[in-house]
Amino acid sequence: MLGTVMHAPGDVRLETVDDPKILKPTDAIIQLSASCICGSDLWPHVHPLDEPMHMGHEYCGVVIEVGSDVRTIKPGQFVVGSFALSENT
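The opening residue of the sequence shown carries number 1 in full-length UniProt numbering; numbering runs sequentially from there.
Now the structure itself:
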C-alpha cells in the first residue's frame, strides 16, 4: 500500500507502507476514496519531527473489514473518517 509520509518540512514522500490490520476488536479497515491534508499535518513546519509522520488523516472510503466488537458499520458501507479517531495507517 502507498502512504504519504513527512520526514521533515519540505520532505514529503509517497512510500510503500504496511497494509493495515485489525489489531483491536473495535478497529475497522477502510479503502480510501479520498483523503486530505489537515492543519495538524503541517505542524512539523513549526515544530521539528522526532520521526516520520503519516499524513492525510481526514478521509472517506469504503469499509473493507471490521473488528468483532464493531456493531454500527459493516463492510461495503461508505464512511467519512474523523481525524480524532484515526491512527494514520
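Backbone N, C-alpha and C fix where the C-beta goes; we use that ideal spot for every residue, glycine too.
- Between the alpha carbons of residue 43 and residue 14 lies a gap of roughly 19 Å.
- Residue environment: residue 1 is assigned as exposed (fewer than 16 neighbouring CB atoms within 10 Å of its CB, all protein chains considered).
- Pairing residue 81 with residue 60 gives a Cβ-Cβ distance under 8 Å.
- Taken atom to atom, the span from the alpha-carbon of residue 68 to that of residue 62 is near 18 Å.
- Around residue 58, the same chain offers 36, 38, 83 as residues with beta carbons nearer than 6 Å, after the five sequence neighbours per side are excluded.
- In the three-state reduction of the DSSP assignment, residue 14 falls in the strand class, which pools E and B.
- Residue 73 and residue 28 do touch by the CB rule: their CB atoms are close to 6 Å apart, below 8 Å.
- Residue 70 is bridged by DSSP to nothing; it lacks a bridge partner.
- Judged by DSSP secondary structure, residue 81 falls within the beta strand (DSSP E) whose first and last residues are 78 to 81.
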